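With our numbering as the guide, the letters of the sequence shown map in order to residues 364 to 772.
We put the beta carbon where it would ideally sit given N, CA and C, even for glycine.
Keep in mind it's a predicted model, so treat the numbers as computed, not measured.
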Amino acid sequence: MNFLVFLLYILAYLLIIFRPKTASVTTFLIAISSLIVLNNTNFENIGEIVDFNTLLILFGMMVIVSVMKEKGVFIGVSNAIIDFSKGNFFKMLVLINVGVFFLSGFLDNVTTILIFFPILFYLSDVLNLDSRVLGLNDILFSNIGGMSTAIGDPPNIVIYSVSKIPFLDFITNIMPIALILLIIQLVILRKGIKFEQTSFQRQERNVVNKNWKYYLLYFIGVIFLMAFHDKFKLELGFITILSGLTLLFFESEDFNSRIQDIDWDMLFLISGLYILNWSIEHTKIFDILVFYLMPLKGSVILPLLILWVSIFSSGFIGALPTTLIFITIIKNLTYQMPVSLLYWSLVLGVGIGGNLTPVASMCNIIGNNLIRKLKNEYISFSEFTKNMLKPVLYGAIISSVFIVFKWYI
């Protein structure tokens with residue numbers, strides 16, 4: 364029975380790699396099958412299997428972002444960036460990338476690239492720049508920004524929910540590293556791009572809802588509650604779902620009006636992975652791996668190993684599946700180790716490794732498709748990986764220095 368569950372587990376991850384378009388369906392199907400094999404079809408204990416706090420955070424944020432997008436908040440922000448740049452191309456490019464970085468820390472990564480890709484492609488047309496270079500950098504900044512907070516991307520939300528590390532600790536520990544990577548990449552971008560002209564005359568842009576700033580203030584209020592949720596003794600899932608429902612109530616809308624903006628594939632994929640991990644934990648197979656890692660429990664090698672393995676694992680099976688695998692391992696190691704350092708290693712590993720290949724994260728997949736759709740250009744798997752390998756490697760090195768520093772202080 365245990366061996367059959369293990370085979371189902373391996374099959375699920377193979378299908379995630381080779382059939383990513385149907386990953387949510389196949390993962391959920393195999394997850395349910397694993398419960399049948401274990402003769403555990405009673406859903407009374409479903410709360411012990413699936414972390415509903417994680418699902419509520421994601422669902423609530425999707426609802427909030429959907430309303431904000433319709434009310435013109437993101438168009439308003441992009442217009443403000445264009446105004447602030449005063450027509451200077453490089454200044455605009457920096458502001459866009461910085462905007463992508465910080466917005467990705469609090470919004471879905473896919474949303475941020477959907478907002479800013481059209482502006483970047485406009486710049487590439489006017490300046491005769493390679494749109495693929497600008498697009499790849501935007502994807503990189505989005506992933507790095509998403510890594511910097513507890514709600515920036517699904518892997519971090521899962522790690523936050525399991526680890527119970529305070530919201531602000533994510534920012535104080537991971538944000539400095541993300542900012543260093545941001546600055547390095549901006550310098551590289553500046554040296555690598557030659558502008559044929561430096562400015563342009565601003566043109567009329569999309570007219571937005573005049574009240575968009577009020578929705579932005581509402582969102583800032585939600586972020587404030589999330590930052591100090593431990594003081595209010597509220598879970599992030601409770602805050603986000605309540606905030607999303609409040610918006611729908613005052614907009615006189617129901618769930619059907621937002622259903623097209625809810626990423627159901629993501630929610631079902633995460634649910635399926637939770638069930639798979641619960642099933643594999645009950646087979647005790649991971650205990651073998653934990654046994655071999657135990658000799659490293661008093662060494663800095665263990666968090667460094669988690670960092671580097673998760674980086675390359677994320678590139679090929681995806682950041683989210685990698686996160687669920689390592690969480691299972693870390694939960695069995697934390698009573699022997701400083702708990703937070705192992706989780707920081709995982710956050711950095713999946714955050715940086717999520718840039719490595721075009722299938723490492725949903726942001727990469729959507730970004731690559733947008734380049735193909737809007738510019739009729741294609742970035743192959745090898746070309747994407749070749750361009751991302753250098754920032755992934757220097758990100759890994761900087762993260763390694765951080766881990767060693769945290770270990771010895």
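At a Cβ-Cβ threshold of 8 Å, Asn500 and Asn472 do not count as neighbours. Here Asn365 has Thr646, Lys647, Ile648 as same chain residues with Cβ atoms under 8 Å from its own Cβ, once five neighbours each way along the sequence are excluded.
Taking a contact to require three or more Cβ pairs closer than 8 Å, the segment 444-451 and the segment 657-666 do not qualify as touching. Residues Ser494, Arg495, Gly498, Glu740, Ile742 of the same chain have their beta carbon placed closer than 7 Å to that of Ile734, with the five preceding and five following residues left out of the count. By the Cβ neighbour-count rule, Gln623 is exposed, with fewer than 16 other Cβ atoms within 10 Å of its own. Taking the CA atoms as reference points, Lys694 sits about 35 Å from Asn731.
Distance from the CA atom of Phe437 to the CA atom of Trp575, rounded to whole angstroms, is 9 Å. Secondary structure at Asn695: coil, using DSSP grouped into helix, strand and coil. Counting the other Cβ atoms within 10 Å of the Cβ of Gly661 gives fewer than 16, which makes it exposed. With contacts defined as CB atoms closer than 8 Å, Leu419 and Thr603 qualify as a contacting pair. For the pair of segments examined, the segment 539-548 was found to touch the segment 746-758: the number of CB pairs separated by less than 8 Å reaches three. Distance from the Cα of Leu371 is smallest, within the candidate group Ile380, Ile395, Thr385, for Ile395. Between the segment 649-659 and the segment 587-606 there are fewer than three C-beta pairs closer than 8 Å, too few to call the two in contact. Taken through DSSP and simplified to helix, strand or coil, Arg382 comes out as coil.
Residue environment for Val767: exposed (fewer than 16 other C-beta atoms within 10 angstroms of its C-beta). In the structure shown, Gly435 falls within a coil segment according to DSSP collapsed to helix, strand and coil. Straight through space, the alpha carbons of Val585 and Phe613 are spaced by roughly 16 Å. Residue Leu470 holds the alpha-carbon nearest to the alpha-carbon of Cys726 among Leu374, Leu470, Val461. Under a 10 Å Cβ-count criterion, Phe422 is classified as buried, with 16 or more other Cβ atoms of the shown protein chains found around its own Cβ. Shown here for Ala723: same chain residues with a beta carbon closer than 8 Å to its own, the five before and five after excluded, namely Ser677, Gly678, Phe679, Gly681, Ala682, Gly716, Gly717 in chain order. For Ile638, the uninterrupted alpha helix (DSSP H) segment begins and ends at 627-645.
Between Met589 and Ile514, the C-beta spacing is below 8 Å. Excluding residues up to 5 positions away in sequence, nothing lies with its Cβ nearer than 7 Å to the Cβ of Leu392 in the same chain. Ranking Trp671, Lys738, Asp628, Glu616 by CA distance to the CA of Lys384 puts Asp628 first.
Contact check for Phe452 against Leu486 passes: the beta carbons are separated by less than 8 Å. In the three-state DSSP reduction, Met364 falls in the coil class, being neither helix nor strand. DSSP places Val496 in the uninterrupted alpha helix (DSSP H) bounded by 494-510. In this structure, Met424 is the residue among Leu704, Thr691, Trp707, Met424 with its C-alpha nearest to the C-alpha of Leu608. Residue nearest to Ile728 within the set Gly714, Lys738, Val764, Phe744 is Phe744 (criterion: CA-CA distance).
Counting every other CB atom within 10 Å of its CB across the protein chains shown gives Tyr577 a total below 16, marking it as exposed. Here Leu659 has Leu665 as same chain residues with Cβ atoms under 6 Å from its own Cβ, once five neighbours each way along the sequence are excluded. Counting only the Cα atoms, Leu490 lies some 40 Å from Leu630. In this structure, the beta-carbon distance from Leu503 to Pro754 falls below 8 Å. With distances taken between CA atoms, Ile520 lies nearest to Glu598 out of Ile427, Glu598, Leu737, Lys736. The residues Gly716, Leu719, in chain order, have a CB closer than 8 Å to that of Phe675 in the same chain once the five nearest residues on each side in sequence are set aside.
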